[in-house]
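*Asks:* Taken in sequence, the protein lines are chains A and B.
51 is the number that my numbering gives to position 49 of the first sequence; each next residue is one higher, with no gaps.
210 is the number that my numbering gives to position 179 of the second sequence; each next residue is one higher, with no gaps.
The structure is given below, and queries will be raised subsequently.
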Amino acid sequence: MVGGHQGRGTLGGFGLNQNLNRTREGWEDEDLILSEAMASLRGAAMDTEPSERFDRDLIRRAKLNYVRDGFRYWLPGLAGASLAAIILVLAFSQIDVSSGVPNGQKIPAVQSSRVLPKLTAN
Amino acid sequence: MSIFNAAVSVNSGWGNVDPAVLERNWVARCREGDEVAMTALIEKHRNRLVRTAANLLRDRYEAEDIAQEAFLKAFREIHKLREDKAFSGYLYRICVRLCMDRLRLKRPELVEFDPGTPAKGTNVENKVVVEKLLAMMPIDLRTTLVLREMEQLSYEEVAEVMRVPVGTVRSRLHSAREKFRTLWLEATKEEGPWEASA
Numbered sequence: 003m004v005g006g007h008q009g010r011g012t013l014g015g016f017g018l019n020q021n022l023n024r025t026r027e028g029w030e031d032e033d034l035i036l037s038e039a040m041a042s043l044r045g046a047a048m049d050t051e052p053s054e055r056f057d058r059d060l061i062r063r064a065k066l067n068y069v070r071d072g073f074r075y076w077l078p079g080l081a082g083a084s085l086a087a088i089i090l091v092l093a094f095s096q097i098d099v100s101s102g103v104p105n106g107q108k109i110p111a112v113q114s115s116r117v118l119p120k121l122t123a124n
Numbered sequence: 032m033s034i035f036n037a038a039v040s041v042n043s044g045w046g047n048v049d050p051a052v053l054e055r056n057w058v059a060r061c062r063e064g065d066e067v068a069m070t071a072l073i074e075k076h077r078n079r080l081v082r083t084a085a086n087l088l089r090d091r092y093e094a095e096d097i098a099q100e101a102f103l104k105a106f107r108e109i110h111k112l113r114e115d116k117a118f119s120g121y122l123y124r125i126c127v128r129l130c131m132d133r134l135r136l137k138r139p140e141l142v143e144f145d146p147g148t149p150a151k152g153t154n155v156e157n158k159v160v161v162e163k164l165l166a167m168m169p170i171d172l173r174t175t176l177v178l179r180e181m182e183q184l185s186y187e188e189v190a191e192v193m194r195v196p197v198g199t200v201r202s203r204l205h206s207a208r209e210k211f212r213t214l215w216l217e218a219t220k221e222e223g224p225w226e227a228s229a
């Protein structure tokens, strides 16, 4: 758009002035185009307002997030406690089984049950 | 006064209390999970947030979604905020960041511009053309241009929102204007420029 180079080619006098004028016009054209472009950009600004449901939806999502975050926070603790509880229950049940023998009685040792052939004296 | 601390009249029932003080109070209460304070903060900032997101994304419904995301993220990370008075800027920054992320996620559109489109020069057509031209621009330049020209933020505010030096904002804005001017010229050369405010 800088169109100052189509003059008469002389460096002095009228030719130079004409070139400078054309250059200035070119710059002014560019400025004009830029200002028009910027005006069109500003004119295209969206003046949007949030919908009526915006607040309600947002509060609902925020509450849900709080619950979810709380759950995430407590989840490792809950998992650990559950595991500990299961282990305790299993341990108690084992103790219960082993303590099922009446007091004072000995558990009979395993006896050898080797079967020997009977020897008869003929 | 910074745009982030601009006084906004909110129906709070607190009479003539300074809005900045009021907001600090809401932020402190919000940190403890107070729903009333949360609602007050939403009421104060929602319009501006949705408008900015809409201008950046050029989609009203997506803008609402992003604005909600920004609020949720701000509420979730509100304990990280050192100064309660910085909430507005913090929230706005999150929103712009989310918009930029969303724009990056979108498939780059290969927009073939049809010079016949803007012939009549109505406001709706102007919006369509601007939307197409913005889609052709790199995200950083586009965001800088929208924040400065559409949202009328100062250089310092744009720098704060985008977390870049003011010098970078200036150079980006220069490149963005040049790029937009070139695109706009190409788009309108067949039909001639139309009235922007038609």
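Glycine is no exception: its CB is placed at the ideal position from the N, C-alpha and C atoms.
1) Helix or strand or just coil, what does DSSP make of residue 51/A?
2) So, with DSSP's three-state summary, where would you put residue 4/B?
3) Helix or strand or just coil, what does DSSP make of residue 211/B?
4) Whose CA, out of 75/A, 71/A, 83/A and 78/A, lies closest to the CA of residue 104/B?
5) Does the stretch 90 to 107 of chain B come close enough to the stretch 55 to 65 of chain A that 3 or more CB-CB pairs lie under 8 Å?
6) Quick one: what does DSSP say residue 120/A is sitting in, helix, strand or coil?
7) Against chain A, does residue 73/B count as a neighbour if the rule is that its beta carbon must be under 8 Å from one of theirs?
8) Is the closest heavy atom of the ligand COA to the C-beta of residue 54/A under 7 Å?
9) Which of the three DSSP states, helix, strand or coil, is assigned to residue 46/A?
10) Residue 211/B to residue 164/B, Cα distance in whole Å?
11) Less than 8 Å separating the beta-carbons of residue 69/B and residue 46/A?
12) State yes or no: is the beta carbon of residue 68/A nearer than 8 Å to at least one beta carbon in chain B?
13) Looking at C-alpha atoms only, which residue of 56/B, 161/B and 137/B is the closest neighbour of residue 218/B?
14) Give the straight-line distance between the Cα atoms of residue 213/B and residue 112/B, rounded to the nearest whole angstrom.
15) Closest Cβ-Cβ distance between residue 103/B and chain A: below 8 Å?
16) Would the stretch 62 to 82 of chain B count as touching the stretch 166 to 175 of chain B if we require 3 or more Cβ pairs under 8 Å?
17) Tell me which same chain residues have a C-beta within less than 6 Å of the C-beta of residue 119/A, skipping the five on either side of it?
*Replies:* Taking the coordinates as given:
1) Residue 51/A: coil per DSSP, three-state reduction.
2) Nothing in the structure corresponds to residue 4/B, since chain B is present only between 32 and 229.
3) helix
4) 71/A
5) yes
6) The answer is coil: DSSP assigns residue 120/A none of H, G, I, E or B.
7) yes
8) Of ligands this structure carries none, so the ligand COA is not represented either.
9) Residue state, collapsed to three classes: coil.
10) 7 Å
11) Remark: C-beta atoms of residue 69/B and residue 46/A do not approach each other more closely than 8 Å.
12) Residue 68/A counts as touching chain B.
13) 161/B
14) 42 Å
15) yes
16) Taking 8 Å as the limit for Cβ pairs, the verdict is that the stretch 166 to 175 of chain B does not touch the stretch 62 to 82 of chain B.
17) none
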